[in-house]
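Top to bottom, those sequences are chains L and E. Each step along the first sequence adds one to the number in the UniProt record's numbering, with nothing skipped, and position 115 is 115. Each step along the second sequence adds one to the number in the UniProt record's numbering, with nothing skipped, and position 93 is 93.
Number of protein chains: 2
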Amino acid sequence: MGSTAGPVTGRNRAAGGPTLAVVGATGAVGAVLLDLLSTRRDVYGEIRLVASPRSVGRPLSVRGEQVPVAALAPEVFDGVDIAMFHVPGAVSKEWAPVATARGAVVVDNSGAFRTAPDVPLVVPEVNPERLRERPRGIVASPGCTTLAMIVAIGALHRRYGLRELVVSSYQAASGAGQDGIETLYAQMEKVGGDRALGLRAGDVRGVVGELGPFPAPLAMNVVPWSGSLEDGGWSSDELQVRDETRKVLGLPGLRVSATCVRVPVVTAHSLSVHAVFGERVDQREAQAILAGSPGVVLCDNPELLEFPTPADVVGTDPAWAGRVRRSLDDPKALDLFLCGDNLRQGAALNTAQVAELLAAGLTP
Amino acid sequence: MGSTAGPVTGRNRAAGGPTLAVVGATGAVGAVLLDLLSTRRDVYGEIRLVASPRSVGRPLSVRGEQVPVAALAPEVFDGVDIAMFHVPGAVSKEWAPVATARGAVVVDNSGAFRTAPDVPLVVPEVNPERLRERPRGIVASPGCTTLAMIVAIGALHRRYGLRELVVSSYQAASGAGQDGIETLYAQMEKVGGDRALGLRAGDVRGVVGELGPFPAPLAMNVVPWSGSLEDGGWSSDELQVRDETRKVLGLPGLRVSATCVRVPVVTAHSLSVHAVFGERVDQREAQAILAGSPGVVLCDNPELLEFPTPADVVGTDPAWAGRVRRSLDDPKALDLFLCGDNLRQGAALNTAQVAELLAAGLTP
C-alpha cells in the first residue's frame, strides 16, 4: 500500500496562510464552495466548516480532507481571519457581528448588508479597490441575478459609459435554495412525459403538487415573481438588481428597470439585457471587449447556433455572454443575453475570489 | 331516443352567411380554430376544411358536424367568400393568390404577407379600420409573439403615446408547431424526475435526445434563439416583433428592441415589456386602462401573488396583463408582464375575429 493510497491530507494547505471559516457549509452554495476551495490555488491555513447544530460532526470533504462540521457558536470564530457566510440574511445579521468582534473579516453572501453604506459590495473583476475600506469588517457579495451580468456590463461600462439598463431574468429554481431544487424535481417527476398537460388552463396546476417556495407551478411554466412585495408593485429581487448594480458600478443615478422571472431550470440564471450607453457602440468591438474580459466567456456565433444556455454553462466558473447586438433604433444601445451558474459564478465563486484577495492582503 | 341524441348537425349555421374555407385545418392552430368556430357566434354558411393530401377524407368536428377534409386544390376555393390560412409561409405564398383569384378574401396567419405594404396587418382591437383597404384581397394576422402584447400595448399607446419598446420573450414550444410540442414532451419524459440532472454542464444535453426544431435542449433549459439569422445578429422572430408592432400601431419610426427566448412551456407565450411613452404614466391609471380594454384581462395583485402565468392562461381567449409598474427612474415608462395562449389568443382567435369582421361586411 504505497503513499498514494488513502485520503490525501492537507496536500494543498498553505503554510502560515490565514484561517478560514465557512459558515453554511452544508447548503447548496456551501457544497459548491467546498468544491472551489478544493480545486483553486490554496491560500489558507486551517479551514473550519460551520453549520447549524443539526449537521454538527458530519464530515465534509474539502482539500481532500474529511472535516467535521462545527456548530455555529461565538467560539468557532476564535483565531479565524476570514469568515465566509452562505446563510439566510437573518442568520448573517445576527452572526456576522459576532465573527467581526472576534477579529474575523466577514465575506457575506446574503442580502443583510448589501445596501448598507458602510459595507462595500465587491465583485473582484469590477471594483476590487472597494475592498480597502471595510469599516464594519464586513464585505458583501451581490446576489446571483446581479452577478450574472455585472462583470460583462462592467467591462462595457468602462468603454462606453453606462446610462440605463432594462433587464429581464430567467432565474433557476436553485436561486430559491435546496427547497427550490427539490420542488422543481418533484414537479418535473409529476409532469414528465404526460402529453395531455400544458394545453388547457389550470391542468399543470392540478398535477404538480406542492408549490414549495414558488407562488405558482414552476414545471412547464414561468413565474414572474421572486422575492417579497415592495412599493409600486416591484419585487425585492427586482429592486436588488437595481441597488446592487448601482453600488458595484459606483453609479448611484443609473436608470435600471428589472423584471425577475423564475423558469423551470435547476441551475444557472439567464438575463436578457438592454444596455444604453453614453457613447455609440459597435457590435464587433463590444464582442471583443467581452471576449477579453477576465471572468467572461463570449459565446456568440448565431450562424453556428452558438449562444449561452443554462444547460451548457451550469457547473462552470465564468459569466457567459452571447447574442450581442447593437439596437437597430439606438446606436448607443446594446442587447445581449447573459448566463451564469447561480450557485457557482453567482455566489460561491465571487465570495471565494473576494476572500482570496483578502487573504493576499492578510498574508505577510 | 329523444331529439337530443346523436350529433347535432348544422345547429349554428347562419342562413345565407358567407362560405368559409379553413386551410390547414389539421395543424396545431387549426384544431384550436375549429374549437373557436364551434363555440363563437356562428356567422358562416358552409365551412370547408382543407389540408394537405395526406389528411384528405379524415373527418374533423366543427359546429357539431363531422366534416371530411378536402385536399388543397384550386377548385376547393370556388364559391368561397373567406379563406383562412394556417399553414407555413411557403404554402400561403403559393396558395393565397389562388384563393383570391377565385374570389375569396384571404386571412393569412403566416409570415408570407405581414410586411407587404399592400397587405393590411390587422388586430381587430387595435386597427380594425385597416380592413377597409385590401388591394390584394389578402389580410395578414401578426405572429403570436406580437399578438401577446399588441392589444395591451395598443390600449396604453392610445392614452400615453408610445415611443419605445424593449421586449424579452418567454416563448412556448408550440410556437414551433406540432414538432415543437412533441419534442418538448419527449424531452420532458427523458428528464422528468431525474434528480441528478441540471447540476453539471452538458448533462441535460446528454439526456434529452432529439432537439427537434430547437437549436439546444429545451427541457430544463431556456434557448435564446427562434427563427433564422438576420443582419447584425438579430433573429427573424426579433425583427418580426419590431416590424409587426410598428405596422399594427401605425408607428413606422417606433424604437423596438426584442430578444426572443424559448422556454420549456408547452403553450402560452409570455413577454416582459419595458414601454416608454411620450407622456408621464400612472400605475393605477395604466392598470385601469388595461382592465377596461376589450380582449385584455388585468391580473395584477402581487399582494395576493396574482399575476399571469402560462399554466393559468393556456386555453383562454384574452391577452393577460400583470406586474404593471411605473419605472422608478423614468416617469414616462412602464414595465409589465404579458401572457397569451400562442395557439389561441396569438393565432386562431385573431384570424377568427378578422374573418368575422369581414363576414359582417360581406353579409347583406
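Positions of the beta carbon are idealized from the N, C-alpha and C atoms, including for glycine.
Minimum C-alpha distance to residue i - residue among the options
i                      : options                           : result
E:V313                 : L:D203, L:E238 and L:G64          : L:D203
L:P213                 : L:S226, L:T316, L:I153 and L:F337 : L:S226
E:A73                  : E:T115, E:W234, E:L34 and E:G24   : E:G24
E:L162                 : E:L298, E:R326 and E:R255         : E:R255
E:E306                 : E:Q187, E:V324 and E:D317         : E:V324
residue 367 of chain L : L:A31, L:S236, L:S38 and L:L156   : No answer is possible for residue 367 of chain L: it lies beyond the span of chain L, which begins at 1 and ends at 364.
E:R280                 : E:A196, E:R159 and E:T267         : E:R159
E:P124                 : E:A140, E:D118, E:T115 and E:P135 : E:A140
E:V126                 : E:H157, E:T115 and E:E133         : E:H157
L:D118                 : L:A216, L:I138, L:I153 and L:V87  : L:I138
E:V223                 : E:L343, E:P252 and E:R262         : E:R262
E:G292                 : E:S270, E:P318, E:A311 and E:L34  : E:P318
E:M322                 : E:N342, E:A173, E:K332 and E:A288 : Here residue 322 of chain E turns out to be Gly, not Met, going by the sequence shown. With distances taken between Cα atoms, E:G322 lies closest to E:A288.
E:A172                 : E:E182, E:P264, E:S92 and E:L358  : E:P264
L:C144                 : L:T245, L:L343, L:V105 and L:E285 : L:L343
residue 381 of chain L : L:R102, L:D194, L:A70 and L:R63   : With chain L covering 1 to 364 only, the question about residue 381 of chain L has no answer from this structure.
L:L147                 : L:S92, L:A348, L:G45 and L:P97    : L:A348
E:L121                 : E:P308, E:G250, E:C299 and E:S228 : E:G250
E:L211                 : E:A186, E:S228, E:P88 and E:D282  : E:A186
Buried versus exposed, by CB contacts within 10 Å (16 or more), residue i
i      : result
L:A219 : buried
E:A352 : buried
L:M1   : Reliability of the predicted coordinates at L:M1 is poor, the pLDDT of 36 falling under 50, and the value obtained from them is presented with this limitation in mind. L:M1 should be labelled exposed.
L:N109 : buried
E:N350 : buried
E:L20  : buried
E:Q66  : exposed
L:T259 : buried
L:T39  : exposed
E:D81  : buried
E:G346 : buried
L:N301 : exposed
L:P18  : buried
E:P331 : exposed
L:V354 : buried
L:G315 : buried
L:G206 : exposed
E:D335 : buried
L:D231 : exposed
L:A196 : exposed
Proximal chain E residues relative to residue i, where beta-carbon distance stays under 7 angstroms
i      : result
L:M188 : V191, G192 and G193
L:H274 : V166 and S257
L:N221 : V265, T309, P310 and A311
L:R114 : By Cβ distance, chain E contributes nothing, its closest Cβ being about 17 angstroms from L:R114, past 7 angstroms.
L:V204 : A311
Counterpart residues of residue i in DSSP-defined beta bridges
i      : result
E:D108 : E:F85 and E:A140
E:P59  : E:P68
L:Q171 : L:R262
L:H269 : L:G340
L:I47  : L:L20
E:S235 : E:L229
E:F277 : E:L162
L:D335 : L:H274 and L:R325
E:W320 : E:V297 and E:C339
Proximal residues of chain L, C-beta to C-beta of residue i below 7 angstroms
i                      : result
residue 407 of chain E : Given that chain E is displayed from residue 1 to residue 364, the structure contains no residue 407 of chain E and the question cannot be resolved.
E:A201                 : D312, V313, V314, G315 and T316
Contact set between residue i and chain C, taken where Cβ atoms lie within less than 8 angstroms
i      : result
L:G175 : The structure shown contains no chain C; its protein chains are L and E.
Neighbouring residues, chain E, relative to residue i (Cβ below 9 angstroms)
i      : result
L:A216 : L305, F307, T309, A311 and D312
L:Y160 : In chain order: nothing, as chain E lies at least about 16 angstroms away.
Proximal residues of chain E, C-beta to C-beta of residue i below 8 angstroms
i      : result
L:G232 : Q283, R325, R326 and L328
L:L197 : V266
L:Y170 : Y170, V222, V261 and V263
L:G322 : P224
Contact list for residue i against chain L, beta-carbon separation under 8 angstroms
i      : result
E:L229 : P302 and E303
Original post:
Listed in chain order, which residues of the stretch 254 to 272 of chain E have Cβ atoms closer than 7 angstroms to some Cβ of chain L?
Top reply: R255, V256, S257, T259, V261, V263, P264, V265, V266, T267, S270 and S272
Exercise. Got a sec: which bits of the stretch 305 to 319 of chain L sit with their beta carbon under 8 angstroms from any beta carbon on chain E, in order along the chain?
Worked result: L305, F307, P308, T309, P310, A311, D312, V313, V314, G315 and T316
- Task: Quick one: which residues of the stretch 274 to 302 of chain L get their C-beta closer than 8 angstroms to a C-beta of chain E? List them in chain order.
- Result: H274, Q283, D300 and P302
Selection of the UniProt domain "Semialdehyde dehydrogenase NAD-binding" (19 to 134) of chain L by Cβ proximity to chain E, strictly under 9 angstroms: So the list is empty, because no residue satisfies the distance condition.
task: Select from the stretch 236 to 252 of chain E all residues with a C-beta closer than 9 angstroms to any C-beta belonging to chain L, and list them in chain order.
output: E238, L239 and R242
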